[in-house]
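K.L.:
Can you read through this structure? Questions will come right after.
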Amino acid sequence: MRRIGMFFTIMLFTALVVGVSVAQDDTTNVTDDDVNAIAKQLYCPVCENIPLDTCGTAACEDWRYEIRLQLSEGMTQQEIIDDFVLRFGERVVGTPQDPTLRALSLVTPWFIALIAAVAAIYGLIRWRKEDKTKNLEPLPETSNLSNLQDLLERDLAE
């Protein structure tokens, strides 16, 4: 009888230990694709213009691990990006997070290119008009022409 009681006690203890360890397991499985989806939007702090998902430096590996931890804690994609911007500045995202600054940084180059194209077209049109309306110099008088011809023949004869 005592053996049966001991057996049930051990089985109960084992079930409790296994139950506690299963309860402590992380229920959210974070895949590499989940991490890379966020890392694609962030840039390496060491290298310039290299996305975090493709960079091989130790700092980037640490950041990817940190993203994995934050995802497993239940943070959303935007919360993770905001956290990185708060800690490391806006250089980690490539474009400003402020909507006004973002619009300015994306629209300004197109606006400058449009102004340059309009100026180039205006300059070409004006240049073509000048060629057509340019006054041609009158031909030299025939007496001057004959004098020049005589001078040329004399130089050649010498």
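Sequence positions in the sequence shown follow UniProt numbering and run 1 to 158.
Where is the CB? At the ideal position from N, CA and C, for every residue including glycine.
Mind checking which residues open and close the alpha helix (DSSP H) that includes residue 68?
P.N.:
Where residue 68 is concerned, the enclosing alpha helix (DSSP H) stretches over 58-72.
K.L.:
State the beta-bridge partners of residue 51 as determined by DSSP.
P.N.:
Looking at the DSSP assignment, residue 51 forms a beta bridge with 43.
K.L.:
Applying the criterion that 16 or more other CB atoms from any shown protein chain within 10 Å of the CB defines a buried residue, is residue 107 buried or exposed?
P.N.:
Per the 10 Å Cβ criterion, exposed.
K.L.:
Taking just the CA atoms, how far does residue 124 sit from residue 149?
P.N.:
The straight-line gap from Cα to Cα measures roughly 40 Å.
K.L.:
Suppose contacts are defined by Cβ-Cβ distances below 9 Å. Is residue 71 in contact with residue 30 by that definition?
P.N.:
Yes, they are a contact pair.
K.L.:
Rounded to the nearest angstrom, what separates residue 147 and residue 130 at their Cα positions?
P.N.:
Rounded to the nearest angstrom, the two C-alpha atoms are 34 Å apart.
K.L.:
Let me know the secondary structure DSSP gives residue 89 once reduced to three states.
P.N.:
Of the three classes helix, strand and coil, the one that applies to residue 89 here is coil, per DSSP.
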